[in-house]
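A short write-up of the structure that comes next.
Here it is in structure tokens:
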């Protein structure tokens, strides 16, 4: 019989394990992982958290994680949750853990922020991830380009041109 996997909201004492799971996600995607345990603790569990997270635990081992934060859509006139990170350990894949983590995000975000939708981004060069989300009913947004402003450009925002 397979061991039971419990999903729960991440707590301040989980910062190190949460960061380790997010580092594994970064490694899986070939991304740079700059966050430290202190960064995760401050951003996720400080006085005004920037995100919430749910953990999937098999005994004390983190085998999955979802990180999310609130968003608001004026076109929908509804609050939503933005899932910035979703990771399932290799040894737990195929057990429908991803949908369970997203359901936990839905449930927690509905209580906390009264959300009525979930939004996320997926790398276009990861067709397995795209197919995974499509199977659950996520739909790609057409006519939209993801953009980011950071570093010197962010600092210069609003300055003289």
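Numbering (my numbering), first residue to last: 1387 to 1547. Glycine included, every Cβ here is placed at the ideal spot set by N, Cα and C. Small disclaimer: the values here were computed from a predicted structure and weren't measured.
Chain-order list of residues whose beta-carbon lies under 8 Å from that of residue i (same chain, five-residue window excluded)
| i | result |
| --- | --- |
| residue 1387 | In this predicted model, residue 1387 has a pLDDT of only 43, less than 50, meaning its place in the structure is not dependable; the value taken from the coordinates is given anyway. Nothing meets the Cβ criterion. |
| residue 1499 | 1456, 1465 and 1467 |
| residue 1410 | 1473 and 1475 |
| residue 1506 | 1468, 1469, 1470, 1472, 1519 and 1524 |
Start and end residues, beta strand (DSSP E) containing residue i
| i | result |
| --- | --- |
| residue 1452 | 1447-1459 |
| residue 1471 | 1464-1474 |
| residue 1505 | 1504-1506 |
Contacts around residue i, its chain only, beta-carbon distance under 6 Å, and the 5 residues preceding and following it disregarded
| i | result |
| --- | --- |
| residue 1392 | 1443 |
| residue 1502 | 1464 |
| residue 1553 | Nothing can be reported for residue 1553, as the shown portion of the chain is limited to 1387 through 1547. |
| residue 1419 | 1409 and 1412 |
| residue 1470 | 1453 |
Where residue i falls, given that 16 or more other Cβ within 10 Å makes a residue buried
| i | result |
| --- | --- |
| residue 1438 | buried |
| residue 1488 | buried |
| residue 1414 | exposed |
| residue 1425 | exposed |
| residue 1408 | buried |
| residue 1477 | exposed |
| residue 1397 | exposed |
| residue 1496 | exposed |
| residue 1526 | exposed |
| residue 1404 | buried |
| residue 1390 | exposed |
| residue 1436 | exposed |
Per DSSP, the bridge partner or partners of residue i
| i | result |
| --- | --- |
| residue 1522 | Paired residue(s): none; residue 1522 is not in a bridge. |
| residue 1439 | 1453 |
| residue 1395 | 1440 |
Host alpha helix (DSSP H) of residue i (start-end)
| i | result |
| --- | --- |
| residue 1537 | 1537-1542 |
| residue 1498 | 1483-1499 |
| residue 1561 | Nothing can be reported for residue 1561, as the shown portion of the chain is limited to 1387 through 1547. |
| residue 1401 | 1401-1415 |
| residue 1421 | Residue 1421 -> no alpha helix (DSSP H), and no H or E assigned at all. |
Close Cβ partners of residue i (< 7 Å) along its chain, the five nearest in sequence each way excluded
| i | result |
| --- | --- |
| residue 1494 | 1395, 1438 and 1440 |
| residue 1538 | none |
| residue 1459 | 1466 |
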